[in-house]
Every structure is written in structure tokens, then in C-alpha cells.
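In what follows, a single structure is set out as C-alpha cells and then discussed.
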Amino acid sequence: MPSHSDRSKTQALIDEAPIGIFEIDDDGQYIDVNQAACDLVGYSEAELLDMSITDLHPNSDTLDDVSLFSEVQEHGQARTETALQQKTGQNIGVILDAVHIDDRIVGYVEEITEVDHSEPQVEEESAASVPHTVESD
3 MPSHSDRSKT QALIDEAPIG IFEIDDDGQY IDVNQAACDL VGYSEAELLD
53 MSITDLHPNS DTLDDVSLFS EVQEHGQART ETALQQKTGQ NIGVILDAVH
103 IDDRIVGYVE EITEVDHSEP QVEEESAASV PHTVESD
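Residue numbers 3 to 139, in this note's numbering, belong to the letters of the sequence shown in order.
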């Protein structure tokens, strides 16, 4: 059994993670979130714990409307690119990885709305400067 110190370290890893972590129960209600999750959507922890996943998914009125929820329930995990609605009403693009652990679903969420394309361009330029040879048969 993990010691109190181990649990504290694990909780600190979750709390300080640079990506949003949302834990929900089997009814879709938020049961725990980290600060990055709060920052991502603009709600406080207390506000999120009074909400369900349908509150953050635009055009979703029921759990059946959130296809990822059903997929995780059925397969134990899922990954998707989707939109979340912030407190301001603005939708943001995110990558959402979710896993079913015990009696909860844990979602790991990273914003992709503002992707910096400069790095791939540098790689493409580097690759373009490498001589290519074509072999013929």
C-alpha cells in the first residue's frame, strides 16, 4: 500500500502537470481537476466540480452526444481531437486522451488551438538541404 508521502508526491505530479487533467465519474460528472484544466477552460475548480462533460462540449446535450465518453466506456481508452467550450463561450481545439481507471475516466487534455508551425518548417528546410538520390531499377 502506498505511503502518505507517495500519495502526496503523486498528487503533486497531477496538480503541477502542464496539461489539463479532468477526472469524471461514470455519469460524466467532474470529480477532480488540476489547475491546468481550470486555466484551460477558465472555470475554477469549484465551478468544474459542479459541472459535467456535456457542459464543456459544444453541441452536446447528453452523454450519448460525447462519442469519446462511449468509446472509453467500451474500449477502456480513446484519443481524439475535439473542441471544448471555455467559460467565455469561445471554443478551443484540444487533443484529448482518456482512459478508464477503476470507477472513473481520466482525461488528459492539451490545447492545440495555437500551434507554432515554425519548428516543422525548420525541419522541412533542413531536410530540403540534404541531397536526395533516386535509384532506378
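Beta carbons: idealized from backbone N, C-alpha and C, even for Gly.
Let's see if you can read the secondary structure: which residues bound the alpha helix (DSSP H) around H77? DSSP places H77 in the uninterrupted alpha helix (DSSP H) bounded by S69 to H77.
DSSP three-state call for I21: helix, strand or coil? coil
What is the DSSP secondary structure of S224, reduced to helix, strand or coil? As displayed, the chain neither begins before 3 nor continues past 139, which places residue 224 out of reach and without an answer.
Where do the N-terminal and C-terminal ends of the beta strand (DSSP E) with D57 fall, by residue? Run containing D57: none; DSSP gives neither H nor E here.
State the CB to CB distance for the pair D39 and I16, rounded to an integer number of angstroms; the pair is presumed to be in contact (CB under 8 angstroms). Per the sequence shown, the amino acid found at residue 39 is Ala instead of Asp. With 8 angstroms as the limit, A39 and I16 do not qualify as a contact, their Cβ atoms being about 10 angstroms apart.
CA-to-CA distance, A19 to A100, given in whole angstroms: 16 angstroms
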